[in-house]
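Just so we're aligned: the sequence shown equals residues 0 to 94 in my numbering. Using N, Cα and C, we set each Cβ at its ideal position, and we do this for glycine too.
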Amino acid sequence: MQHETLNISSRARFRTVGSEGVVVQVERGEVMVVNGVGLRVLELVKESGSRNAIIQQLSSEYETGSANVTQQVDDYIEELYAWGILEQPETVPGE
Numbered sequence: 000m001q002h003e004t005l006n007i008s009s010r011a012r013f014r015t016v017g018s019e020g021v022v023v024q025v026e027r028g029e030v031m032v033v034n035g036v037g038l039r040v041l042e043l044v045k046e047s048g049s050r051n052a053i054i055q056q057l058s059s060e061y062e063t064g065s066a067n068v069t070q071q072v073d074d075y076i077e078e079l080y081a082w083g084i085l086e087q088p089e090t091v092p093g094e
């Protein structure tokens with residue numbers, strides 16, 4: 000499933016520790032350690048919430064084609080949803 004708008008769950012917290020990130024899914028009491036790229040994706044979700052903006056930014060930062068980045072970002076996004084780190088944005092009636 001492809002998600003265009005991304006939202007960090009209100010039940011998740013993340014923090015930078017050295018060059019990695021620590022992500023806590025508060026409701027489950029689970030902790031996940033992510034590498035620098037995983038942490039950067041979470042930062043970009045928080046900043047923009049846009050899948051496309053994340054792909055463009057990472058393609059630029061790592062000087063690689065967006066096709067290569069797209070599959071990796073999509074896989075990681077699905078993993079974050081499965082862990083309960085991301086959630087569907089709330090929709091406002093009439094939008």
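Beta-carbon proximity list for V40, same chain, < 7 Å, skipping 5 on both sides
The residues are I53, V72, Y75.
Ignoring anything shorter than 4 residues, give me the alpha helix (DSSP H) runs that lie fully in the segment 15 to 51, in order along the chain.
Within the segment 15 to 51, the alpha helix (DSSP H) runs of at least 4 residues that lie entirely inside it are, in chain order, 35 to 46.
Taking the alpha-carbon of L79 as reference, which of V33, E46, E62, T15 has the nearest alpha-carbon?
Sorting V33, E46, E62, T15 by C-alpha distance to the C-alpha of L79 places V33 at the top.
Cβ-Cβ distance between V30 and I84 below 8 Å
Cβ atoms of V30 and I84: not closer than 8 Å.
Quick check: the Cα distance between E151 and Q87, rounded to an integer number of angstroms?
Residue 151 is absent from the structure shown; the chain starts at 0 and stops at 94.
Range covered by the alpha helix (DSSP H) that runs through Y80:
Where Y80 is concerned, the enclosing alpha helix (DSSP H) stretches over 65 to 82.
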